[in-house]
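Heads up, the thing below is written out as structure tokens.
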Amino acid sequence: MFFDTPFAAMQAAVDIVDKSPHPTNKIAATLYGLHFGLSRTNYWPEPIAEAFGTTQDVGNSSGTVHAETACILKAGTATEGSILCITDPFCPNCAKNIVEAGVKKIYIDHKGFDKDFFQRRSGHFHSMSMQVCEKAGVSVFELWRKDERVVPIFESAPGRFISEDSPIYKEPIETPSDSILNDIIASSFHLHQKRKFAIVFATDVSGKHFSLTARGHAVTGFTMEDPEDVKLIETPQTKYSYFQEPVNRLLMYMARHGLKPVEGFFFCSQVPTSREQVNLVGAGIKRITIGDIRKSRDSQGLAAMRQLGSAKVLKYV
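Adding 219 to a residue's 1-based position in the sequence shown gives its number in this note's numbering.
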């Protein structure tokens with residue numbers, strides 16, 4: 220499906236929003252670019268819904284994949300430079316995924332700002348979601364479909380360059396194998412010392428294989444060289460932070476560049492967070508190798524691993 224205006228793309232999201240399985244907070248989004256377009260609602264991945272239903276959390280994360288992230292994970296082509304239209308204002312976690320996936324413009328349906336759910340959580344949108352977008356140079360607009368009108372909430376300067384303190388390391392490899400993975404793991408432990416990192420083998424549209432390595436780092440646009448950024452990064456707001464975990468970084472990087480993971484070759488130096496594990500399931504990953512099975516950012520990541528492992532939703536090696 221192709222869209223030539225954000226109004227048509229937003230209408231496509233509105234058309235499916237009631238199909239969201241969420242009983243109280245139905246959200247839909249459309250992601251599109253020059254050669255692709257797709258719409259998705261927030262949803263429970265089938266393996267999670269079958270194992271736990273729709274009322275049980277996974278660790279301290281809901282079992283849902285948010286509509287914005289669902290579009291990114293299911294795009295099937297490079298999301299660099301794409302446009303996202305959403306029925307509701309987006310949460311800080313989705314903001315981090317959106318900017319790391321290379322989305323350049325976001326449109327929010329004006330009716331989303333009037334909903335009770337947003338009224339109760341508007342602080343996180345204004346104080347965190349928008350700050351993430353502003354730092355990353357992602358423009359955000361409020362959109363009226365009927366009038367075909369948009370109003371900027373934040374408009375980034377054209378051609379603005381955003382540097383990264385800790386870019387993802389991409390290396391070409393031959394046929395993926397456990398021995399190659401083990402060699403990269405060993406060198407990464409030496410390089411990253413005590414920092415949490417993740418590795419995945421991925422393939423591009425031509426069939427070439429690559430090793431991607433990411434360590435946990437502040438979301439795009441934030442830098443550890445700026446004392447004000449460091450202060451923000453080190454001060455989470457309730458369950459949200461400006462830190463992007465390495466598994467999420469890899470998932471978004473692959474989407475951004477049109478790469479697909481090679482099944483069986485995903486590694487994390489410690490147990491991923493609950494949200495990372497839910498997103499892995501949403502991305503269709505079935506197996507992950509863990510460096511230290513005793514460590515996670517918090518105890519909830521370990522709880523999520525026990526849940527998903529016992530239900531055979533994810534295989535942990």
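Ideal Cβ positions, reconstructed from N, Cα and C, are used throughout, including at glycine.
- Within the DSSP secondary-structure output, Ile327 pairs in a beta bridge with Ile305 and Glu361.
- Of all C-beta pairs linking the stretch 251 to 263 to the stretch 430 to 446, fewer than three are shorter than 8 Å, placing the two stretches out of contact.
- By the C-beta criterion, the stretch 352 to 369 is judged to be in contact with the stretch 327 to 337, since at least 3 inter-stretch pairs fall below 8 Å.
- DSSP places Ile381 in the coil class of the three-state scheme, outside both helix and strand.
- Exclusion of the five residues before and after Asn467 leaves Lys315, Asn316, Glu319, Arg494, Glu495 and Asn498 as the residues of its chain whose Cβ lies within less than 8 Å of its Cβ.
- Excluding residues up to 5 positions away in sequence, Leu362, Arg364 and Glu367 lie with their Cβ nearer than 8 Å to the Cβ of Phe226 in the same chain.
- Scanning its chain for C-beta atoms nearer than 6 Å, with the 5 sequence neighbours on each side dropped, one finds around Phe336 the residues Asn244, in chain order.
- Spatial neighbours of Gly252 in its own chain (CB-CB distance under 6 Å, excluding positions within 5 residues in sequence) are listed in chain order as Ser301.
- Sorting Pro455, Arg516, Thr306 and Leu521 by C-alpha distance to the C-alpha of Gly435 places Arg516 at the top.
- Under the three-state reduction of DSSP, Leu250 is assigned to strand.
- Distance between Gly483 and Asp384, taken at the CA atoms: about 29 Å.
- With a beta-carbon spacing of about 5 Å, Thr508 and Phe486 fall inside the 8 Å limit used to define contacts.
- For Lys354, no beta strand (DSSP E) encloses it; the enclosing alpha helix (DSSP H) starts and ends at Met349 to Ala355.
- Contact fails between the stretch 235 to 249 and the stretch 422 to 429, because fewer than three Cβ pairs, one in each stretch, are under 8 Å apart.
- The three-state reading of DSSP puts Gly501 in helix, counting H, G and I together.
- Under DSSP, Val284 shares a beta bridge with Tyr262.
- CA-CA distance, Thr298 to Tyr472, rounds to 9 Å.
- DSSP places Glu482 in the strand class (E or B) of the three-state scheme.
- Here the stretch 273 to 281 lies against the stretch 516 to 530, with 3 or more beta-carbon pairs under 8 Å apart.
- For Pro446, the three-state secondary structure derived from DSSP is helix.
- Partner residues in the beta bridge of Glu390, as assigned by DSSP, are Ser430.
- The distance from the Cβ of His285 to that of Cys304 is about 14 Å, inconsistent with a contact at the 8 Å cut-off.
- Under the three-state reduction of DSSP, Arg494 is assigned to helix.
- In the assembly as shown, Glu265 is an exposed residue. Its beta-carbon has fewer than 16 other beta-carbons within 10 Å.
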